[in-house]
Amino acid sequence: MSSLQLELDPGLHRQIYTYHVDQRDEIRRRYIKLGPYQPHDRFKPWLEYSPKKDAAFCLSCFLFHKPTGHDGQNAFTVNGFKSWKKVKNDLNSTHRMAHKACLDLMNQSQHIDRVASIDVVRHLSLQVIAFRGRDESSTSTNRGNFLTTLDLMVGYNNDIVEIMAKAPKNATYTSPQIQKEILHVISTKVKKAIRQEIGDAKFCILVDEARDESMKEQMAMVLRYVDINGFVRERFFGIVHVVDTTAVTLKKEIYYLFSNYCLDIQNIRGQGYDGASNMQGEWNGLQTLILNDYPYAYYIHLGASKAVVPLNRFFTKLILVINNSRASCKRVEQLKIARAFDIAYLFNIEELETGKGLNQMVTLQRPGDTRWGSHYKSVSNLMKLFSPTCEVLLKIMDEGNSSQKVEAESAYEVLISFEFIFILHFVNETMGITDKLCQALQNQSQDILNAMHLVSSTKKLIQQFRDEKWDDLLATVISFCKKRGLDVPDMNAHNFYPIDFTDDEKNDLKKELDLYKNDVVQYLGFKNLKNISELCQWMVRTRKLEYYPLIYRVVKLVLTLPVSTATIERAFSAMNVIKTNLRNKMEDEFLSDTMMLFIERDIAATISTDSIIDDFEDLKRRRVPFS
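In this note's numbering, the protein residues as written are 1450 to 2076.
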C-alpha cells in the first residue's frame, strides 16, 4: 500500500472507485491526513483547488464518490467547478452524506476504546464470568475480570493505549455503570432481534417462577413460535423480579414486557406454566385472567406425574367406571358373558387373531395406590372389555334402582367421552412399554449391565413414540370410536381458533386438504418426515406452503402450543450459574441482561459493534458524549 503514489492535484486524482475495495479505506485515510490541496476557503475545509484544471473540487465527495451520470456530482469530483454560486446551491444530500462519512472515518480511531469495552462486556457475559473484582484500584494485583481482560486487549494495540491514556477519567468507558449500560444495550438488541424473528406470527408464552440466591421471586418467560423457515423456536425473553406471586401481579408484568416490545397480546395462542405446588393457585388464576382477555390462549399445564391434571383426572374417572361395572357378582358375570359374545363377534369379522394364550377371559381391575403396575393392568383390561363394559352400564341404567341408574349414567358418559378414550389409548401404549421393563427388571437372573441396556432401550422406545406415533395414535382412537358408533369431535384447527380463519377460508381448507392428501404422498421427502415440526420445515423448504397456505397455518398453530419446559429449565439453570453466593447482590436488570446474553448467545454473538455504539448514544444517560 505504501508504494502507491498519491496525486496531490485533485484534477489529476485517480477516482476512488477504481481502487480495489480492500484498498479504498487506506487510500481515504492517507488523503485525509494530507488534507485539502491548496484550500481556498477556510470556512469550507472540504474545498481544494486544482492548478492543472484551474477549478475547485470537494475532498469529501472524492473520497466517497461512486460512478454516476449526474453532472452535478461529477462537478465535485471529476470535472471541477468555478462558479461559487453553484457551489452554494449544489450542497445536496449526496455531498452531506459524503462529508459525514469522511468525519466518521476521521473519528474511527476514537472509537477503539469503546469497541474494546463492548467486546470485553460481551465476552464475559457469554462465558458467564463476573465483571468486577473486590479491589479495582490501580495498585491492586487482581482488579477483576473486566479490567484485567481489557488490559490484556490494550497490551496488543498501541492505539488503544494512547487513546485511553489521554481520555478524561470519566470517559474511559470502564466504570461499572458503563459496563451495565453496554450490557443492557446488547440485551435489548437481542430482544429486538427475537421480536423481529416473531414478526406477526402467533406465539405461546411459557412462564415459571423460582427464587434466586438472594431469595427474590423471579419470573422467567419464554416465547414459543414458528419462524419464517418453519422451525419451532423457544426463546428466553426475560426474567422479572415480582414483589408477590399473585395472579394479578404476574399478569401485569407479562403484559408490561409485551408492551415494551410491541408484541400483540392478541396473537397469544397458548400459555403453559410449570409452577411448584405453592404456585398452583396463582398459575390457575393467571391462566384464567389471560383467557378472559384472549379466549384462544389455551392453557396447558407443563408439570409431570400427578401434576398433569388430565392424567390425574383420567385415573379418577377410571376408578368410577370400574367400581360401577364390577360392584356385584351379578355384574362380573354379565361382563364375562358380554366378553364372550364380543370375542365371537370380532372373530367372525376377522378382527381378532386366534392362537394359544390369546383372547383369554379377563376382569376389570381397580388400580392400587402402591403398585404402579396395577394401573397398567386396569387400563389394558378395560381396553379389552370396553364394549362389554358399555353393555353392562347400559343394562344397569335400564334395570337398576334410581341411585344405581345415576351412577351408571355418569360412568357411561365418562367411558364414551373422546378425552377418556384418547388418554386410555395413550396410557395403554406408554405404560405398556414401561411395564415390560418393570417385568424384566424383576427377573432374578437379571444382571446390572443388561438392566442398564433395558432402561436405555425403554427410553428410546418412549422417545420414538413421542416423535413418530402421535398421528397414528389419533387415527387409532378415531377408528376405535367410529367402529363403536361413538362421537368424534371435530378437531379442525379453525374450530379451536375461529378468529384465525374466515368462513371462506374454512371452506377452502377442506378443498386444500383433499388436494394435499393426493399430492404430498408422492414425495419421498414427505414419507421420511417423523413429526409435525419436520413437516412444517419441509413445507417451507419445498415451497408447499405457497400451494397449501391454510394447511401451513394450521400446522403452525398446532406447533405453537406448549409441550415442554426445557427452555425455562435452562433459564433457571443459567440463573443459578450467574447469581451465585458470591454474586448474590446483583441488581435485577443486571441479572436479566446477563441471562439474556448467555441463553440467547447465538443472537448476541452476531450483533455488530457499530450498532451497539449507535444504540448506546441514544440512551443519553451520560455526561460525556459517546463520540
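By construction, the Cβ of each residue, glycine as well, lies at the ideal position given by its N, Cα and C atoms.
Please read these numbers as outputs of a predicted model, since none were measured by experiment.
C-alpha distance - residue i paired with residue j, whole-angstrom precision
i, j, result
"residue 2063", "residue 1635", "11 Å"
"residue 2061", "residue 1885", "57 Å"
"residue 1847", "residue 1792", "24 Å"
"residue 1726", "residue 1765", "Bear in mind that the predicted position of residue 1726 carries a pLDDT of just 42, short of 50, making it unreliable; the figure below should be weighed with that in mind. Taking the straight line from one Cα to the other gives about 20 Å."
"residue 1695", "residue 1970", "50 Å"
"residue 1996", "residue 1961", "8 Å"
"residue 2025", "residue 2066", "33 Å"
"residue 1550", "residue 1974", "51 Å"
"residue 1983", "residue 1716", "23 Å"
"residue 1598", "residue 2029", "21 Å"
"residue 1816", "residue 1933", "26 Å"
"residue 1455", "residue 1992", "54 Å"
"residue 1705", "residue 1658", "17 Å"
"residue 1584", "residue 1601", "18 Å"
"residue 1497", "residue 1484", "9 Å"
"residue 2022", "residue 1767", "38 Å"
"residue 1596", "residue 1603", "10 Å"
"residue 1713", "residue 2020", "24 Å"
"residue 1564", "residue 1570", "10 Å"
"residue 1676", "residue 1743", "22 Å"
"residue 1572", "residue 1950", "46 Å"
"residue 1830", "residue 1824", "10 Å"
"residue 1946", "residue 2007", "10 Å"
"residue 1826", "residue 1835", "14 Å"
"residue 1666", "residue 1691", "6 Å"
"residue 1937", "residue 1931", "7 Å"
Proximity winner among the options, relative to residue i (alpha-carbon distances)
i, options, result
"residue 1683", "1689, 1674, 1690", "1674"
"residue 1507", "1640, 1501, 1526", "1526"
"residue 1625", "1638, 1592, 1642, 1640", "1592"
"residue 1575", "2042, 2065, 2059", "2042"
"residue 1515", "1568, 1779, 1464", "1464"
"residue 1580", "1781, 1699, 2040", "2040"
"residue 1460", "1479, 1476, 1494, 1505", "1505"
"residue 1701", "1681, 1685, 1668", "1668"
"residue 1494", "1477, 1501, 1552, 1469", "1552"
"residue 1879", "1833, 1812, 1678, 1760", "1760"
"residue 1989", "1854, 1680, 1714, 1663", "1680"
"residue 2032", "1712, 1855, 1826, 1577", "1577"
"residue 1678", "2036, 1994, 1986, 2010", "1986"
"residue 2010", "1763, 1745, 1666, 1852", "1745"
"residue 1738", "1566, 1462, 1699", "1699"
"residue 1568", "1623, 1532, 1530", "1623"
"residue 1546", "1482, 1509, 2027, 1633", "1509"
"residue 1734", "1468, 1786, 1582, 1697", "1697"
"residue 1710", "1467, 1666, 1663, 1645", "1645"
Range of the contiguous beta strand (DSSP E) that encloses residue i
i, result
"residue 1653", "1652-1660"
"residue 1496", "1496-1499"
"residue 1683", "1681-1690"
"residue 2054", "From DSSP, residue 2054 is part of no beta strand (DSSP E); its letter is neither H nor E."
"residue 1813", "Here residue 1813 belongs to no beta strand (DSSP E), and DSSP marks it neither H nor E."
"residue 1529", "First-last for residue 1529: undefined, no H or E at that position."
"residue 1719", "1717-1722"
Contact belief for residue i with residue j at Cβ below 8 Å, rounded distance in angstroms
i, j, result
"residue 1828", "residue 1876", "5 Å"
"residue 1784", "residue 1774", "7 Å"
"residue 1458", "residue 1486", "6 Å"
"residue 1686", "residue 1671", "6 Å"
"residue 1813", "residue 1838", "7 Å"
"residue 1462", "residue 1513", "Residue 1462 to residue 1513, Cβ: 13 Å. No contact."
"residue 1566", "residue 1631", "6 Å"
Residue range of the alpha helix (DSSP H) that includes residue i
i, result
"residue 2002", "1998-2009"
"residue 1506", "Looking at the DSSP string, residue 1506 is not in any alpha helix (DSSP H); the run it does join, the beta strand (DSSP E), is 1504-1507."
"residue 1671", "Where residue 1671 is concerned, there is no enclosing alpha helix (DSSP H), although the beta strand (DSSP E) it sits in stretches over 1666-1675."
"residue 1853", "1851-1864"
"residue 1644", "1625-1647"
"residue 2037", "2037-2048"
"residue 1974", "1973-1976"
"residue 1709", "1696-1709"
"residue 1956", "1952-1968"
Closer than 8 Å to chain B by CB, residue i
i, result
"residue 1875", "In summary, chain B is missing from the structure at hand, where a single protein chain is found."
Contact between the region 1858-1868 and the region 1962-1981: three or more CB pairs below 8 Å? no
Could you check whether the region 1629-1649 touches the region 2045-2056, counting it as contact only if at least three pairs of C-beta atoms, one from each stretch, sit closer than 8 Å? yes
Please confirm if the region 1950-1963 is in contact with the region 1974-1985, defined as three or more CB-CB distances below 8 Å between the two stretches. no
Does the count of Cβ pairs from the region 1705-1722 and the region 2044-2051 closer than 8 Å reach three? no
Check whether the region 1583-1592 touches the region 1983-2003, taking contact to mean three or more Cβ pairs, one atom from each stretch, closer than 8 Å. no
So, do the region 1836-1843 and the region 1853-1864 have three or more beta carbon pairs nearer to each other than 8 Å? yes
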